[in-house]
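Participant:
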Amino acid sequence: MELGTTLRRMRRNAGYSQEFFSEKMHMSRSNISKLESNKLDIRGRDLIRWAQETNSQDILIALVCNVDVASAGQMIADTLQSVGTILLGGLI
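According to the UniProt record's numbering, the sequence shown is numbered sequentially starting from 1.
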């Protein structure tokens, strides 16, 4: 998956329009669009801020570790379910 597609998904999952998000990021809406369509490279600090503003640090970690984002999300969900089962099993 291309970085721009991932950036778009992060923004949309947070429920932000490009216009609203551009204000949060202190960027033009045009630059948000260019980043999401891979027409502009994102700087490291902007990528970190993007993840923070969209509460998508897990996706950022998956990107840095070169792990498929969808697979990482499923692995996290499976792990949380297993931990919950273990914790509940210990309480019963």
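For glycine and all other residues, C-beta sits at the position ideal for the given N, C-alpha and C.
Using only the alpha-carbon positions, how far apart do V67 and L35 sit?
Facilitator: One C-alpha to the other measures close to 21 Å.
Participant: Just to confirm the assignment, what range does the alpha helix (DSSP H) spanning N31 have?
Facilitator: Residues R29 to E36.
Participant: With distances taken from CA atoms, which of L3, D78 and A77 is nearest S37?
Facilitator: Among L3, D78 and A77, the Cα nearest to that of S37 belongs to L3.
Participant: How is R49 classed by DSSP in three states: helix, strand or coil?
Facilitator: Helix.
Participant: Rounded to the nearest angstrom, what separates N13 and Q74 at their Cα positions?
Facilitator: Between N13 and Q74, the C-alpha separation is close to 16 Å.
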